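The structure under discussion appears below in the form of structure tokens.
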Amino acid sequence: MKEVQALVFDVFGTVVDWRSGVARALAEFLPARGGAHLDPFAVADAWRRRYQPAMEECRAGRRPFTRLDVLHRENLELVLKDHGIDLASCTEADLDHLNRAWHRLDPWPDVLLGLSRLRRKYFLAPASNGNILLLANMAKRAGIPWDAVLGAEATQAYKPQREAYTRTAEILGLAPHQVCLVAAHNGDLRAARKAGLATAFVARPTEHGPAQGTDLTAEDPWDCVAESFVDLAAKLEC
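Under numbering that gives the first Met the number 0, read the sequence shown as residues 0 to 237, first letter to last.
In structure tokens form, the structure reads like this:
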């Protein structure tokens, strides 16, 4: 970590609580459209389950790179149909507002203080599969103090593609080992380490709800392991 100059962050799950935010938007949307009986958290989970398969179409070259807002919207329509919601009952404005629930997610309680401390020493940016507008709107609403807004749209690659990590370092004018990925997902960190980045794990044991069974602990000897962003700042002497 001594040569690290920039910290880049996984966002969905690591920086923000996507599940609660998306469920909140669904709870507002569903009752008026015949979905009052549906559990908004279950629908949020179903929407999220389509996330990786949609990106894999781009990663595998079966589809050109497509920004996440578009993939989310396509997946949303499929999920609503799966749950019996008649899309004809929804206006374009309704669907667009719901799709932008991903722009309105709240950070975990430790994030803003932790990032403000980390920023004293490091350049901070997202290394997310989110697109630029999504990440910028999220940061503006929540006060997330990024020094730059990067992510998949900037690198034209979706994690865990190697280029998602190496191109992030290139954009910052740094060697991979001078960049550290901070994430709550062991798989993301493994891909980053393979691409030459330093790694820091911060657990988010309720990202997927109270019964979460994955990524509860650091599964590999990462360069830094912390309980929160505030703890990470302390361990990195910020």
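Virtual Cβ for every residue (Gly too), placed ideally from N, Cα, C.
Predicted model, so just to flag it, every value in this text is computed and none were measured.
Asked: Rounded to whole angstroms, what's the CA-CA distance from A201 to P63? Just pull it up for me.; Found: The displayed chain sequence assigns Val, not Ala, to residue 201. Spanning the two alpha carbons is a distance of roughly 32 Å.
Asked: Roughly how many angstroms separate the alpha carbons of F11 and S127, rounded to a whole number?; Found: 8 Å
Asked: Compare the beta carbon distance of F28 and L97 with 9 Å and say whether it is the shorter of the two.; Found: yes
Asked: Taking the alpha-carbon positions, what's the L70 to P106 distance?; Found: 23 Å
Asked: Taking the alpha carbon of K158 as the point to measure from, which residue in T205, A53, L132, I143 has its own alpha carbon closest?; Found: A53
Asked: If contact is defined by three or more beta carbon pairs under 8 Å, each pair taking one atom from either stretch, is the region 169-183 in contact with the region 6-26?; Found: yes
Asked: How far does the alpha helix (DSSP H) with L134 in it extend, from its first residue to its last?; Found: 131-141
Asked: Can you tell me which of the three DSSP states A194 falls into?; Found: coil
Asked: Exposed or buried, which one is P175 when buried takes at least 16 other CB atoms within 10 Å?; Found: buried
Asked: Which residues mark the beginning and the end of the beta strand (DSSP E) in which L123 is found?; Found: 122-125
Asked: Can you give the Cα-Cα distance for G208 and D44, rounded to whole angstroms?; Found: 10 Å
Asked: Excluding sequence positions up to five away, which residues of its chain have a Cβ less than 8 Å from the Cβ of A26?; Found: P39
Asked: Taking 8 Å as the limit between beta carbons, can you name the residues of its chain near K193, skipping five residues before and five after?; Found: R161
Asked: For D219 versus R189, is the C-beta spacing smaller than 9 Å?; Found: yes
Asked: Tell me A199's beta-bridge partners as DSSP assigns them.; Found: V181, C223
Asked: Work out the CA separation of D146 and V3 for me, nearest whole Å.; Found: 16 Å
Asked: Secondary structure at V78, three-state DSSP: helix, strand or coil?; Found: helix
Asked: Drop a sphere of 10 angstroms on the beta-carbon of E91, count the other beta-carbons inside from all chains shown, and report buried for 16 or more, exposed for fewer.; Found: exposed
Asked: Between L117 and the rest of its own chain, which residues show a CB-CB distance below 8 Å, the 5 nearest in sequence each way excluded?; Found: L6, L123, F228, L231, A232, L235, C237
Asked: Mapping the DSSP letters down to three states, classify A156 as helix, strand or coil.; Found: coil
Asked: Which whole runs of the alpha helix (DSSP H) in the region 97-124 are 4 residues long or more, in chain order?; Found: 110-117
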